[in-house]
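Notes follow the structure.
There are 2 protein chains.
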Amino acid sequence: MARAATTTDVFNAVAEPRRREILDALAGGERSVNDLVEAVGLAQPQVSKHLRVLREVQAVDVRDEGRRRMYRLNGPALEPIHAWVSGFERLWAERFDRLDLVLEDLKRKEEGDGHGT
Amino acid sequence: MARAATTTDVFNAVAEPRRREILDALAGGERSVNDLVEAVGLAQPQVSKHLRVLREVQAVDVRDEGRRRMYRLNGPALEPIHAWVSGFERLWAERFDRLDLVLEDLKRKEEGDGHGT
DNA sequence: ACATCATATGCCTATATGGAAATATGTCAA
DNA sequence: TTGACATATTTCCATATAGGCATATGATGT
């Protein structure tokens with residue numbers, strides 16, 4: 001079996017750095033394809049192809065405006081990534097380390113003085 | 001040019017669902033390869049290969065214990081993902097939607113009544 | 001109808017993949 | 001040393017890429 005298609009899910013779609021750049025460029029608001037071509041410095045066909053992938057995983061929406069096609073972010077499509085990676089946040093976030101300390105402290109106290117039920 | 005190697009960065013490494021499963025399984029603490037084989041239901045060689053990829057992007061660390069190799073998470077390697085996707089959080093988090101409303105409201109007011117400089 | 005601008009699609013190629021199966025490496029125990 | 005267990009590596013293969021380039025589609029103005 002080969003690698004999963006880039007359109008399988010948003011994880012695969014954003015594994016490509018150029019596609020992340022495109023999403024970053026769209027963070028400022030709607031943009032036409034040509035705008036994006038300038039923004040990411042790729043040839044137009046490549047940008048269109050990346051946009052297709054992003055469309056298929058719902059990461060972007062399109063709107064026709066005359067001869068141009070305006071692309072915009074569809075943020076919620078990225079939520080699964082955030083949800084997944086947030087589960088590991090405590091492993092690097094300092095504030096959570098400190099929270100851990102507090103919790104351990106509480107636990108120690110509770111076990112220490114026997115004023116329980 | 002082909003697709004970027006899975007070991008290029010953590011985004012690519014984690015695009016493979018089986019590797020995410022492995023990381024999930026490691027969230028509970030250190031595990032041997034055989035443990036992981038059971039946990040994810042893949043053949044041992046595949047698991048070893050996935051673990052190699054995860055090692056190369058620093059998402060896991062290994063420790064030798066007798067004939068077993070104990071793998072553990074190295075959370076901070078996932079931070080770039082969290083950092084990137086968090087930039088888009090406002091696009092789906094309800095509380096931010098409401099913040100947007102408030103801001104727009106303020107803006108309207110400011111533009112509406114001419115009490116400027 | 002025509003020329004022009006804007007975007008999408010098709011074709012080509014080198015390349016890395018993930019699973020399967022076989023095998024190599026490494027460690028312990030007797 | 002030999003055997004059993006634990007893990008890693010190699011080989012094989014079908015498949016999907018990403019970029020380059022040519023071209024098709026679509027909308028606009030004259």
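Heads up: the protein sequence lines correspond to chains A and B, in order. With my numbering, you'll find the first sequence wraps up at 117, consecutive numbering, no jumps. With my numbering, you'll find the second sequence wraps up at 117, consecutive numbering, no jumps. Quick reminder that beta carbons are idealized off the backbone N, C-alpha and C, glycines included.
Quick check: what's the CA-CA separation for residue i versus residue j?
{"i": "B:E30", "j": "B:L23", "result": "11 Å"}
{"i": "A:L78", "j": "B:P45", "result": "32 Å"}
{"i": "A:H50", "j": "B:N34", "result": "39 Å"}
{"i": "A:P76", "j": "B:R90", "result": "9 Å"}
{"i": "A:W84", "j": "A:G66", "result": "39 Å"}
{"i": "A:M1", "j": "B:A15", "result": "15 Å"}
{"i": "A:V10", "j": "A:E21", "result": "14 Å"}
{"i": "A:L26", "j": "A:R72", "result": "6 Å"}
{"i": "B:A39", "j": "B:A93", "result": "32 Å"}
{"i": "A:N119", "j": "B:P80", "result": "With chain A covering 1 to 117 only, the question about residue 119 of chain A has no answer from this structure."}
{"i": "B:H82", "j": "B:G28", "result": "20 Å"}
Taking Cβ-Cβ distances shorter than 9 Å, what residues in chain A pair up with residue i?
{"i": "B:L73", "result": "F88 and L91"}
{"i": "B:R20", "result": "F11 and W84"}
Please decide whether residue i counts as near chain B, where near means a Cβ-Cβ distance under 8 Å.
{"i": "A:A43", "result": "no"}
{"i": "A:A27", "result": "yes"}
{"i": "A:V40", "result": "no"}
{"i": "A:A5", "result": "no"}
{"i": "A:L78", "result": "yes"}
Excluding the five sequence neighbours on either side, which residues of its own chain have a C-beta within less than 7 Å of the C-beta of residue i, listed in chain order?
{"i": "A:G87", "result": "none"}
{"i": "B:A13", "result": "T6, T7, R19, V53, L54, V57 and A59"}
Would residue i pass as an interface residue toward chain A - the criterion being a Cβ-Cβ separation below 8 Å?
{"i": "B:I159", "result": "Since the displayed chain B opens at 1 and closes at 117, residue 159 of chain B lies outside it and no answer follows."}
{"i": "B:V122", "result": "Chain B is shown from 1 up to 117; residue 122 of chain B falls before or after that span and cannot be answered."}
{"i": "B:H115", "result": "At B:H115 the pLDDT is 45, less than 50, meaning the model places this residue with poor confidence and gives no usable figure here."}
{"i": "B:M1", "result": "no"}
Within its chain, find whatever has a CB closer than 8 Å to the CB of residue i; leave out the 5 residues flanking it on each side and keep chain order.
{"i": "A:M70", "result": "E30, R31, S32, V62, R63 and D64"}
{"i": "A:L42", "result": "R18 and H50"}
Leaving out the 5 sequence neighbours to the left and right, which residues in its chain are closer than 6 Å to residue i when beta-carbon positions are compared?
{"i": "B:L37", "result": "What sits at residue 37 of chain B in the sequence shown is Val, not Leu. Contacts found: Q44 and V47."}
{"i": "A:R68", "result": "S32"}
{"i": "A:A4", "result": "N12"}
Which runs of the alpha helix (DSSP H) spanning at least 4 residues fall entirely within the segment 23-71 of chain B, listed in chain order? 33-40 and 44-56
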